[in-house]
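Note that my numbering gives residue 57 to position 48 of the sequence shown, counting from 1, and the numbers run on in steps of one. Here the structure comes first, spelled out in structure tokens, and everything after it is commentary.
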Amino acid sequence: MATFWLWGLRNPAILLAGLAALAGYTGAADWSIAMVVVLGFGIIAEVANRFGRRALARKRRKRAAVLALRSAAEVRDRFRTEHQHKAA
10 MATFWLWGLR NPAILLAGLA ALAGYTGAAD WSIAMVVVLG FGIIAEVANR FGRRALARKR
70 RKRAAVLALR SAAEVRDRFR TEHQHKAA
């Protein structure tokens with residue numbers, strides 16, 4: 010989901026904001042209208058950036074939790090094996 014937010018929404022919004030600013034700068038569009046469009050795309054890009062970063066953090070936390078569970082299972086199995094050898 011992070012890829013969607015960052016590459017699917019944020020980056021195109023930044024590109025379109027840049028194009029709108031360029032159009033206002035060169036005079037192809039009225040400067041005041043261009044700035045409103047830049048502001049709109051900037052807000053969309055910022056929201057997509059926040060959602061994307063949150064999704065990346067969630068993905069990292071999930072990966073860390075899976076790694077911790079796997080490590081705990083290895084320790085538990087090793088401990089269980091040692092205990093069974095001592096009991097035998």
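Backbone N, C-alpha and C fix where the C-beta goes; we use that ideal spot for every residue, glycine too.
Starting from the Cα of residue i, find the closest Cα among the options and give me that residue.
{"i": "G27", "options": "D39, A43 and A77", "result": "A43"}
{"i": "L48", "options": "F13, I23 and T12", "result": "I23"}
{"i": "A11", "options": "W40, R62, A38 and A82", "result": "R62"}
{"i": "P21", "options": "A57, A38 and W40", "result": "A57"}
{"i": "R19", "options": "D39, S41, F60 and A38", "result": "F60"}
Would you mind reading off the limits of the alpha helix (DSSP H) that contains residue i?
{"i": "G33", "result": "N20 to T35"}
In angstroms with no decimal places, state the Cα-to-Cα distance between residue i and residue j.
{"i": "I53", "j": "H92", "result": "58 Å"}
{"i": "G33", "j": "E55", "result": "21 Å"}
{"i": "G36", "j": "A30", "result": "10 Å"}
{"i": "E83", "j": "R89", "result": "10 Å"}
{"i": "R72", "j": "D86", "result": "21 Å"}
Quick one: what's got a C-beta closer than 7 Å to residue i's C-beta in the same chain, skipping five residues either side?
{"i": "L25", "result": "F50"}
{"i": "V46", "result": "A29"}
{"i": "H94", "result": "none"}
Between residue i and residue j, is the Cβ-Cβ spacing less than 8 Å?
{"i": "A64", "j": "W14", "result": "yes"}
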